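Residue numbers (this note's numbering), protein chains in the order written: chain D, 3 to 446; chain H, 20 to 286.
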Amino acid sequence: MTQAPTKHDRYLADFEGFERDVAARGPEWLHELRQRALARFTEVGFPTARRGNERWKYTNINPIAEGTFSYPFAAGEVDGERLHTSIPWSDDWSRLVFVNGLHSAALSSVGVGADARSLAEALRADGQPAREHLGRYVTIEDDAFAALNTAFVHDGALVHVPKNGSLDRPLHLVYVTAAGAGPTVSYPRTLVVAESHSRLTLIETYAGFGEGRYFTDAVTEIVLGEGAQVQHYRVLMEEPDAFHVGITRVHLERDSTFTSTLFARGCAIGRNDLLATLDAPGSSCFLRGLYLTSGSQHVDNYVNIDHTQPHTTSRLYYKGILGGKSHAVFGGTVFVRPGAVKADARQEDKNLLLSDEAEVDSKPSLEIYADDVLCGHGATAGTVADDALFYMRTRGLDLNTAMVHLIKGFASEVLDKVEVEPLRLSLDRLTTASLPELQPGLVS
Amino acid sequence: MTSRGANHNRPLLEVRDLHVSVGSVEILKGLNLTVNLGEVHAVMGPNGSGKSTLTNALAGKPEYAVTEGKVLYRGKNLLEMLPEERAREGLFLAFQYPVELPGIRVREFLRTALDALREHRGLDKGSLREFNKLLQEKAKELGLDEELVKRSVNEGFSGGEKKRHEILQMAVLDPELALLDETDSGLDIDALKVVADAVNKFRKPDKAILLVTHYQRILNYVTPDFVHVLIDGRIVRSGGRDLALELEAKGYEWIRDAVESGREISV
Numbered sequence: 003m004t005q006a007p008t009k010h011d012r013y014l015a016d017f018e019g020f021e022r023d024v025a026a027r028g029p030e031w032l033h034e035l036r037q038r039a040l041a042r043f044t045e046v047g048f049p050t051a052r053r054g055n056e057r058w059k060y061t062n063i064n065p066i067a068e069g070t071f072s073y074p075f076a077a078g079e080v081d082g083e084r085l086h087t088s089i090p091w092s093d094d095w096s097r098l099v100f101v102n103g104l105h106s107a108a109l110s111s112v113g114v115g116a117d118a119r120s121l122a123e124a125l126r127a128d129g130q131p132a133r134e135h136l137g138r139y140v141t142i143e144d145d146a147f148a149a150l151n152t153a154f155v156h157d158g159a160l161v162h163v164p165k166n167g168s169l170d171r172p173l174h175l176v177y178v179t180a181a182g183a184g185p186t187v188s189y190p191r192t193l194v195v196a197e198s199h200s201r202l203t204l205i206e207t208y209a210g211f212g213e214g215r216y217f218t219d220a221v222t223e224i225v226l227g228e229g230a231q232v233q234h235y236r237v238l239m240e241e242p243d244a245f246h247v248g249i250t251r252v253h254l255e256r257d258s259t260f261t262s263t264l265f266a267r268g269c270a271i272g273r274n275d276l277l278a279t280l281d282a283p284g285s286s287c288f289l290r291g292l293y294l295t296s297g298s299q300h301v302d303n304y305v306n307i308d309h310t311q312p313h314t315t316s317r318l319y320y321k322g323i324l325g326g327k328s329h330a331v332f333g334g335t336v337f338v339r340p341g342a343v344k345a346d347a348r349q350e351d352k353n354l355l356l357s358d359e360a361e362v363d364s365k366p367s368l369e370i371y372a373d374d375v376l377c378g379h380g381a382t383a384g385t386v387a388d389d390a391l392f393y394m395r396t397r398g399l400d401l402n403t404a405m406v407h408l409i410k411g412f413a414s415e416v417l418d419k420v421e422v423e424p425l426r427l428s429l430d431r432l433t434t435a436s437l438p439e440l441q442p443g444l445v446s
Numbered sequence: 020m021t022s023r024g025a026n027h028n029r030p031l032l033e034v035r036d037l038h039v040s041v042g043s044v045e046i047l048k049g050l051n052l053t054v055n056l057g058e059v060h061a062v063m064g065p066n067g068s069g070k071s072t073l074t075n076a077l078a079g080k081p082e083y084a085v086t087e088g089k090v091l092y093r094g095k096n097l098l099e100m101l102p103e104e105r106a107r108e109g110l111f112l113a114f115q116y117p118v119e120l121p122g123i124r125v126r127e128f129l130r131t132a133l134d135a136l137r138e139h140r141g142l143d144k145g146s147l148r149e150f151n152k153l154l155q156e157k158a159k160e161l162g163l164d165e166e167l168v169k170r171s172v173n174e175g176f177s178g179g180e181k182k183r184h185e186i187l188q189m190a191v192l193d194p195e196l197a198l199l200d201e202t203d204s205g206l207d208i209d210a211l212k213v214v215a216d217a218v219n220k221f222r223k224p225d226k227a228i229l230l231v232t233h234y235q236r237i238l239n240y241v242t243p244d245f246v247h248v249l250i251d252g253r254i255v256r257s258g259g260r261d262l263a264l265e266l267e268a269k270g271y272e273w274i275r276d277a278v279e280s281g282r283e284i285s286v
């Protein structure tokens, strides 16, 4: 694949300054990893939306490739009070806050007993367990965005839950972009190691403050040891003009359980690439998602589940609510590898289109190379049912109230499963607040 | 707000020369009907005669276009009102095919509906505790599972549950005129009796019921004051309870033949 060299120049120039000023004190192995990642990025270039390139078929990332986003060498600032009132928040949660990719000790607060710290800090110290796991699940071969994030890997969150350990309260990782002069890019990196029989509730929030275009290139790696249970939430509330590419890789050992809920408010281009590898018998993952798009927003969910071993279970349930001229993509495959007998997989994507001009490309698929498996998938797209509206109106609800209830009812099938109550209430409010954008004229 | 005193002589619903089309097909072709407070009217007719068209048009379903005639509700022009305004004025339709509302729980749905009706009537929102108590009580009377009110409206309900749930809504929302669209169809005999009991309980001097049915079976339990036979978009014969029994014995063809030979009896 060839690309115009200009699309890389900005990143190459930034990389020199980054290595010299920001990342200079890191360990040698990390320096080497970054060099290899940069070389890989320049070699493969940004992906192209076209037939045959299944991973990016429906998402044109040219606006990102041509966006000349620069690395923010100066740390940004975010008002703590504003942060608190704008994103899901509970004083009972532990939190690590990052502004423009860099850890803010002032805004963070981690409870006793939780080993959650700034990745940059951890890398300056002994480097474990980062050295063992970093880049092992999201490899630089993955794609250009993974390579680019890895080239600029520096700060982010390192979460380590020891064997049999458990965090007594949810851990909130907050990645904020504070708009500054000109378009900037940040490279949040999250590494979560949940050792055997440990338990963790983790919330990742990505948010923007201030108008303007920026680009978040995020990578998250989550490893679950034997019998570990991780409840994961990913909240995307980037600014409407922002670009977000998030890559998450989850690796599951024997009898471990990964439960994840994505809440994605739309942005200019949002891509959520999730791969869960069920790499040992008895492992299971339950993936839910709700995406809301309006205006000319574009959200692409690319979710893959890899059943490599027998007796593995996966469930996927994503829902989208689309307004305006927005475009949503749901893609991805459930793989059942040779020998992965008794695999049990279901995936379903349902979409509610509130406008004639909204569009969804939903292509869940199955690739099965084993016998004796139970697999199913489905995708639907529909408009608000007139019959349902009429039924509600015959009970005295006006048209607006009926619409609001129907849309929120659609969303609730995902949101009701959020077990962290303050988060559920928050996401419910965010959904309600989005309704007038999703359906102009609607009063929520 | 409407005054809700009992008045047997004043008509609650007056349907005059009603013509209704769906798409380009005329289904009701000049229907006349008067329902007074305190009365139960049964409208019977074969499939395709226009029974559901009548109830849907009265409830204000958008695709049912009234091309001629008028409908007065308490002397007011019903046809000018939006479906929700009709509901707030006291009209209720128990659907023949109740609609599923995914993600909307029965309890919250009915609470929202009742609030809208009470607000229209100038009443305060009742307490949540009283509402829950009322809902539980009515659900029990209808033999519905306690957990049903926590489920999404009509989603995964059995046929019988759907019909009983319609009557539950009627009992809770307490309308003035209940239109029951084939509420009896699909019910086994035990469920039919339970539903009939609830309808009889609802029957009061300040209420009225328009019961649309294909079979006379439910009329064994809910005795109508009037029975009307609807054929090809018109009421061709009206009478008392005996007319339903005669219909059952002789079939709709008997009426059709009688009408065609010019022996129509007007309302």
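The beta-carbon is built from N, C-alpha and C at its ideal position, and this holds for glycine as well. Fair warning: this is a prediction, and the values are worked out from it, not measured in the lab.
Check whether residue i and residue j have beta carbons under 7 Å apart
{"i": "SER88(D)", "j": "ARG97(D)", "result": "no"}
{"i": "ALA25(D)", "j": "HIS156(D)", "result": "yes"}
{"i": "VAL59(H)", "j": "PRO243(H)", "result": "yes"}
{"i": "LEU211(H)", "j": "LEU187(H)", "result": "no"}
{"i": "LEU169(D)", "j": "ARG119(D)", "result": "no"}
{"i": "VAL386(D)", "j": "LEU408(D)", "result": "yes"}
{"i": "SER68(H)", "j": "ILE250(H)", "result": "yes"}
{"i": "LEU254(D)", "j": "ASP281(D)", "result": "yes"}
{"i": "GLY411(D)", "j": "ILE123(H)", "result": "yes"}
{"i": "PRO312(D)", "j": "LYS344(D)", "result": "yes"}
{"i": "ASP351(D)", "j": "TYR393(D)", "result": "no"}
{"i": "ASP1(D)", "j": "GLY284(D)", "result": "Since the first residue of chain D shown is 3 and the last is 446, residue 1(D) is not available in this structure."}
{"i": "ILE370(D)", "j": "VAL420(D)", "result": "no"}
{"i": "HIS139(H)", "j": "ARG105(H)", "result": "no"}
{"i": "GLY210(D)", "j": "THR186(D)", "result": "no"}
{"i": "GLY322(D)", "j": "TYR293(D)", "result": "yes"}
Extent of the continuous beta strand (DSSP E) run through residue i
{"i": "ALA107(D)", "result": "104 to 111"}
{"i": "SER40(H)", "result": "30 to 41"}
{"i": "ILE370(D)", "result": "361 to 370"}
{"i": "ASN75(H)", "result": "No beta strand (DSSP E) holds ASN75(H); the alpha helix (DSSP H) holding it covers 70 to 78."}
{"i": "ILE307(D)", "result": "300 to 309"}
Residues bridged to residue i (per DSSP)
{"i": "THR295(D)", "result": "LEU324(D)"}
{"i": "CYS287(D)", "result": "PHE260(D), SER316(D)"}
{"i": "ILE241(H)", "result": "For the record, residue 241(H) in the displayed sequence is Val; it is not Ile. None; VAL241(H) has no bridge partner."}
{"i": "ARG236(D)", "result": "GLU206(D), LEU264(D)"}
{"i": "ALA342(D)", "result": "In the DSSP output, where bridge partners are listed per residue, ALA342(D) has none listed."}
{"i": "HIS60(H)", "result": "LEU229(H), PHE245(H)"}
{"i": "CYS377(D)", "result": "ALA347(D)"}
{"i": "GLU87(H)", "result": "HIS38(H)"}
For residue i, the first and last residue of its enclosing alpha helix (DSSP H)
{"i": "LYS182(H)", "result": "178 to 192"}
{"i": "PHE412(D)", "result": "401 to 417"}
{"i": "LEU147(H)", "result": "147 to 160"}
{"i": "MET394(D)", "result": "388 to 395"}
{"i": "PRO102(H)", "result": "102 to 108"}
{"i": "MET134(D)", "result": "Strictly speaking, residue 134(D) in this sequence is Glu, with Met absent from that position. Segment 132 to 135, the alpha helix (DSSP H) holding GLU134(D)."}
{"i": "HIS86(D)", "result": "82 to 88"}
{"i": "HIS139(H)", "result": "125 to 139"}
Between the segment 188 to 201 of chain H and chain D, which residues of the former have a C-beta closer than 8 Å to a C-beta of the latter?
If the cut-off is 8 Å between Cβ atoms, the segment 188 to 201 of chain H has GLN188, LEU192 near chain D.
Report yes or no: do three or more beta-carbon pairs, one from the segment 244 to 251 of chain D and one from the segment 266 to 282 of chain D, lie closer than 8 Å?
Touching, per the Cβ criterion.
Does the pairing of the segment 298 to 308 of chain D with the segment 320 to 334 of chain D give three or more beta-carbon distances under 8 Å?
Cβ pair count under 8 Å is three or more, so yes.
Residues of the segment 112 to 130 of chain H with Cβ closer than 9 Å to any Cβ of chain D, in chain order
Within the segment 112 to 130 of chain H, those residues whose Cβ lies closer than 9 Å to any Cβ of chain D are, in chain order, LEU112, PHE114, TYR116, PRO117, VAL118, GLU119, LEU120, PRO121, GLY122, ILE123, ARG124, GLU127, PHE128, LEU129.
Of the residues that make up the segment 355 to 374 of chain D, which ones have a beta carbon closer than 7 Å to any beta carbon in chain B?
Reference to chain B is not applicable here, since the protein chains of this structure are D and H.
What are the residues of the segment 69 to 95 of chain H that lie near chain D, defined by any Cβ-Cβ distance shorter than 9 Å?
For the segment 69 to 95 of chain H, the residues whose beta carbon sits under 9 Å from a beta carbon of chain D are, in order, ASN75, ALA78, GLY79, LYS80, PRO81, GLU82.
State whether the segment 187 to 206 of chain H contacts the segment 218 to 238 of chain H, with contact taken as three or more CB pairs (one from each stretch) at a distance under 8 Å.
Remark: three or more beta-carbon pairs, one from each stretch, lie closer than 8 Å, so the segment 187 to 206 of chain H and the segment 218 to 238 of chain H are flagged as touching.
Closer than 8 Å is the cut-off here; do at least three beta carbon pairs connect the segment 73 to 91 of chain H with the segment 36 to 43 of chain H?
Pairwise C-beta distances place the segment 73 to 91 of chain H in contact with the segment 36 to 43 of chain H, as three or more of them are shorter than 8 Å.
Meets three-Cβ-pair contact criterion under 8 Å: the segment 400 to 407 of chain D and the segment 113 to 132 of chain H:
Short answer: they touch.
Using 8 Å as the Cβ pair cut-off and three pairs as the minimum, do the segment 83 to 94 of chain H and the segment 358 to 365 of chain D touch?
Using a C-beta cut-off of 8 Å, the segment 83 to 94 of chain H makes no contact with the segment 358 to 365 of chain D, since fewer than three inter-stretch Cβ pairs fall below that distance.
Report yes or no: do three or more beta-carbon pairs, one from the segment 169 to 184 of chain D and one from the segment 57 to 65 of chain D, lie closer than 8 Å?
At 8 Å Cβ cutoff, the stretches do not touch.
Got a sec: which bits of the segment 95 to 109 of chain H sit with their beta carbon under 8 Å from any beta carbon on chain D, in order along the chain?
Of all residues in the segment 95 to 109 of chain H, LEU101, PRO102, GLU103, ARG105, ALA106, ARG107 have a Cβ within less than 8 Å of some Cβ in chain D.
Does the count of Cβ pairs from the segment 225 to 243 of chain D and the segment 260 to 272 of chain D closer than 8 Å reach three?
Touching, per the Cβ criterion.
Contact residues within the segment 155 to 168 of chain H, judged by C-beta distance below 9 Å to chain D:
Here the close residues number zero.
Could you list the residues in the segment 414 to 440 of chain D with a C-beta less than 7 Å from some C-beta on chain H, going in chain order?
From the segment 414 to 440 of chain D, only SER414, GLU415 have a Cβ closer than 7 Å to chain H.
Going along the segment 134 to 145 of chain H in order, which residues come within less than 8 Å of chain D, judged by CB to CB distance?
Under the 8 Å Cβ criterion, the segment 134 to 145 of chain H contributes ALA135, LEU136, HIS139.
Examine the Cβ distances between the segment 192 to 205 of chain D and the segment 77 to 85 of chain D and report whether three or more of them are shorter than 8 Å.
Segments in contact, no.
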